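This report refers to the structure that appears directly beneath it.
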Amino acid sequence: LFCFSFTMVSLPSLPVSVALSPRVYRILGCNSGSMTLQGTNTYLVGTGRKRVLIDTGEANNFAYLQYLSQTLSETGACICGVLCTHWHADHIGGVSNVARQYSVTNLMKFRRANPEENIKYEELGFEFVQEGQLITVEVIHTPGHADDHMSLQLLEENAIFSGDCILGDGSTTVFEDLDSYMKSLKKLQSLAPDLIYPGHGSPIHDAAKRIQQYIDHRQRRENQIFNVLSQSKLPLTPMDIVQKIYNETPAMLHRAASVNVLQHLEKLQKLGKTKRKDGKWKACKIKDFYHIRLAENFAISITAHSKFLGSYLVMSILHPQYVYKKNANERQVITDRQPKSNFIGQLNGRSVIINGKDSTVEHLWNCVRLMTSGEFFSHCIASAADFVFRFAVYLHFRRRGWIVKPGLNYGVDYVVYPDAPSNVHSQFMVIIVPHWNGFQELPMTWRDAVSASRISCAVSKNVLLCGVKNFDGDFQKLTLDDLQQCPVQIVCLKQWFARRPFSDKKERKIRFKLAMPCRCLRWAFRIVNWEPSVTEWTRMLRCLQLDDLPRIRRQVFQEDIKATVAGGLMMRKAISVCTGLAWDEITLIRSSTGKPMLAENIQLGYQFSFNLSHHGDYVILATSSSSVCGVDVMKIEYPKLQMNLSEYFKMMSPQFADEEYAALNQQRTDSEKLELFYRYWCLKESYLKAVGFGIRCDLSQIHFIFNSLVVPVGQFEISTKLVFEETQHDEFVFEECHLDPCHAACVCYKDDLLEAECEQHRGKCIPFQLVTMDFVLQDAVPLHHEEAIPVPGLCKAVPISPLDFSYYLFNR
């Protein structure tokens, strides 16, 4: 990952080494390109003999090291410390070269958000700095372009070393979080610098103006993107939007532009202005939401169009102690306790009734004041403590995508619909058990149980008894964040009254309805930041087969242990979901090549296959109704070997066909070469895992025909064709995508073996769904009761092993 500028005008020529001020020398990184402009700017800062180097350029760039030595010789200076603005390879890649050549021991950078990522920097000897820390320069944390990005303020010159936050020419690409990036720009703006030394390009002397231009540019781009979505009748992918608003930008830069568009879309999604489905985006209806309070102390909410006095403005009371219900024409709110005279009807410029008094819209506006969400929440708590429990349970179901409706008609708190349209009958009712504190289990009397069961029997629904834990009773101090973090424990109480027995015909009909029509799943689980407790480890390991444990024990690195355990559990869950087999009815064996499969004694009567892969931050799983299925995921990163990329590709050349190796070398930048390299590798591995070869054949006999060498982030590619031993095999389908900008994935299956139920997916890609371990373990049961299951590496952090493909070269 690098910085990026969409400015395509000819850039000014910059000297390789130059004194920008009495305190600052700039040495170019000798790595010019479309992603790095004239090259990465590294800065030698100070006036005495001992000076600080800001950023180190790319790894093994000997031309840069030569110019750095020349500058040190001319100034009579030495490097006493290195400050790296962020983790991208064009800024931190050369740190080992500099540290080794000039015996530098003080290496400093900002800490990454992911603790696992910091291990490798600690091994290199980095010290993590804090915001506001003074080291000749003052550290300013400016995330967005990267989570560990920092800018540095040179107080003597009132200057900022901006890294990739602000460039000398054009604008930067935000790879990680646009919202954080905008806050970082405003943080720099508040410092009012006179001068900016950027990570790429020329120094910026009109600093305040440039920062404002960056802020205005992002806002204009956000407005453009939202306008395109609003005017489109169909959902759009990021690349669709790029082709509409970047029509003057060369096509070769559209992929980078799509990353920028995706960041804007995710920022708009946080604001409730866009929503995403199947990799495509569309605009939400333009509505403004206000929480306001009348002078008479009634809490109400307004849902309005862009103009307050529009003809369709509707207001409704949101008092916590009442359950509300709209009448057939939805013109007024009626409650079971509140007098009907005190309602607020449709406002269209005419008079309305508020607490029995006539009022116009203008008068109403003068009677209210705006409330923040926090004020509204505090007001509701003050009015009724029961609101806390009701709202906590409501949030619990809404976060999981369930639809929540009032349960007044059934004598319960809520009726919930698990991820289904509201016109489908619900199978679940919710009864909230308040003040659930100090109990390990749900406090419930026999009378409560019988009453709940009678309700369940009467309306043919299951009752969910919900209790909110971890409340200390001091509701006045609660915030919305506290409420969202409080766990909700649920007991599903099914009716136990005798039912009329089903006939065989009706039972077969029910089983047919419950059968899964399509057995194609795409799941992804993030193992980064996943830290199970000892109790959770014990439970998970007992839910795996005994013969899985020796393979887990053989793993050396912690990430591999976590991936192996998570993958084994995901396999069993997917098999249970797709086949209807119970957790303890599933027996897995492995083929001679190590591919997992169902035991021979399990006869399904239909085709079903599955496969796993893990690398980087993810474990992924794919299932198919084809008898052949393979999947692979790769993290797009520089190889952790002591060689440059050209040498690495030369070492790997026996694994690629001549056409593939030529295509790799034709890519202009290292990032493009790595993207294509990992794409080839995902395709090859997914095919070999599907057919069950493993990496035991001549990989150079396998190559692929592309419509395009680039698969943009957020899009899918299904047109890739396989050529094996000079024969094209059209029966194999390859679904290619990115899980995120740093991880490429591919699923391979045989199209001619698909069952009829999967025809809906023919010619389409199935997007990966991010799953949680709670979901995976939902129906898991212990398969054994080993008291002690020693697994190495669970109690300490172990660095991830280097990605070294040379193993396959020397062991073929």
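Heads up: the sequence shown is residues -19 to -1, 1 to 793, going by mature numbering (1 follows the signal peptide of the UniProt record, and there is no 0).
Ideal Cβ placement from N, Cα and C applies to all residues, glycine included.
Here the structure is a predicted model, which is why all the values come from computation and not from measurement.
Return yes when the Cβ of residue j is within less than 8 angstroms of the Cβ of residue i, no when it is not.
i: His724; j: Ile617; result: yes
i: Ala671; j: Gly586; result: no
i: His181; j: Leu133; result: no
i: Phe506; j: Met552; result: no
i: Thr650; j: Met220; result: no
i: Cys524; j: Ala761; result: yes
i: Arg4; j: Val26; result: yes
i: residue 798; j: Ser605; result: Absent from the model: residue 798. The displayed extent of the chain is -19 to 793, so no value can be given.
i: Leu376; j: Val414; result: no
i: Val546; j: Ile533; result: yes
i: Lys731; j: Glu712; result: yes
i: Ser13; j: Thr52; result: no
i: Thr23; j: Gly10; result: yes
i: His198; j: Ser152; result: yes
i: Val694; j: Leu249; result: no
i: Ile196; j: Ile141; result: no
i: Lys655; j: Tyr619; result: Strictly speaking, residue 655 in this sequence is Leu, with Lys absent from that position. Against a cut-off of 8 angstroms, the Cβ pair of Tyr619 and Leu655 comes out as a contact.
In chain order, what residues of the same chain have a beta carbon less than 6 angstroms from the beta carbon of residue i, not counting five sequence neighbours either side?
i: Cys663; result: Asp613, Met615, Ala725, Cys727
i: Ile686; result: Lys702
i: Arg191; result: Ile185
i: Tyr395; result: Val385, Gly388, Val411
i: residue 795; result: In this structure the chain extends from -19 to 793, so residue 795 is not present and cannot be described.
i: Ala(-1); result: Tyr6
Mark residue i as exposed unless 16 or more other C-beta atoms lie within 10 angstroms of its C-beta, in which case mark it buried.
i: Arg7; result: buried
i: Val393; result: buried
i: Ser165; result: buried
i: Met233; result: exposed
i: Gly57; result: exposed
i: Arg371; result: buried
i: Leu(-6); result: buried
i: Glu653; result: buried
i: Gly337; result: Unreliable positioning characterises Gly337 in this predicted model, as indicated by a pLDDT of 40, which lies under 50. A coordinate reading is not provided.
i: Gln696; result: buried
i: Pro531; result: exposed
i: Gln539; result: buried
i: Gln636; result: buried
i: Leu136; result: exposed
i: Ser161; result: buried
i: Asp565; result: exposed
i: Gln200; result: exposed
i: Phe715; result: buried
i: Cys59; result: exposed
i: Thr154; result: buried
i: residue 859; result: Past the edges of the chain, shown from -19 to 793, lies residue 859, and the structure says nothing about it.
i: Gln193; result: exposed
i: Leu690; result: exposed
Going along the chain, which residues of its own chain have a beta-carbon closer than 7 angstroms to the beta-carbon of residue i, five neighbours each way excluded?
i: His122; result: Phe91, Glu112, Met131
i: Gly673; result: Ser572, Thr574, Lys576
i: Ala264; result: Phe207, Leu210, Ser211, Lys254, Thr255
Tell me which residue opens and which closes the beta strand (DSSP E) that residue i is part of.
i: Glu119; result: 118 to 122
i: Ala505; result: 503 to 507
i: Tyr83; result: Here Tyr83 belongs to no beta strand (DSSP E); instead the alpha helix (DSSP H) covers 76 to 83.
i: Thr178; result: Looking at the sequence provided, one finds Tyr at residue 178 rather than Thr. Element bounds for Tyr178: 176 to 179.
i: Cys467; result: It is not in any beta strand (DSSP E) - Cys467 carries neither H nor E in the DSSP assignment.
List the endpoints of the continuous alpha helix (DSSP H) containing residue i.
i: Val672; result: 651 to 672
i: Met16; result: It is not in any alpha helix (DSSP H) - Met16 carries neither H nor E in the DSSP assignment.
i: Pro531; result: 530 to 534
i: Gly448; result: Run containing Gly448: none in the alpha helix (DSSP H); it sits in the beta strand (DSSP E), 443 to 449.
i: Ala(-1); result: Not the alpha helix (DSSP H): Ala(-1) falls in the beta strand (DSSP E), residues -3 to 2.
i: Gly20; result: Taken as a continuous stretch (DSSP letters only), Gly20 belongs to no alpha helix (DSSP H), as it is neither H nor E.
i: Pro219; result: 219 to 226
With a threshold of 8 angstroms on Cβ separation, who are the neighbours of residue i within its own chain once the five nearest residues in sequence on each side are excluded?
i: Met89; result: Gly62, Val63, Leu64, Cys65, Phe107, Glu108, Phe109, Val110, Ile116
i: Pro763; result: Arg520, Arg523, Cys524
i: Ile73; result: Asp36, Thr37, Cys65, His67, Lys90
i: Leu46; result: Gly75, Asn78, Val79, Gln82
Residue ranges of each alpha helix (DSSP H) within the stretch 693 to 739, 4 or longer: Entirely contained in the stretch 693 to 739, not one alpha helix (DSSP H) run reaches 4 residues.
Taking only runs that begin and end inside the stretch 126 to 151, name each unbroken beta strand (DSSP E) of 3 or more residues, in chain order. 131 to 135, 140 to 144
In the stretch 589 to 654, which residue ranges form an unbroken alpha helix (DSSP H) of at least 4 residues, counting only runs that do not cross its ends? 626 to 633, 639 to 647
Where in the stretch 508 to 583 do unbroken runs of the alpha helix (DSSP H), each at least 4 residues long, occur, reported from the N-terminal end onward? 515 to 523, 530 to 534, 539 to 560
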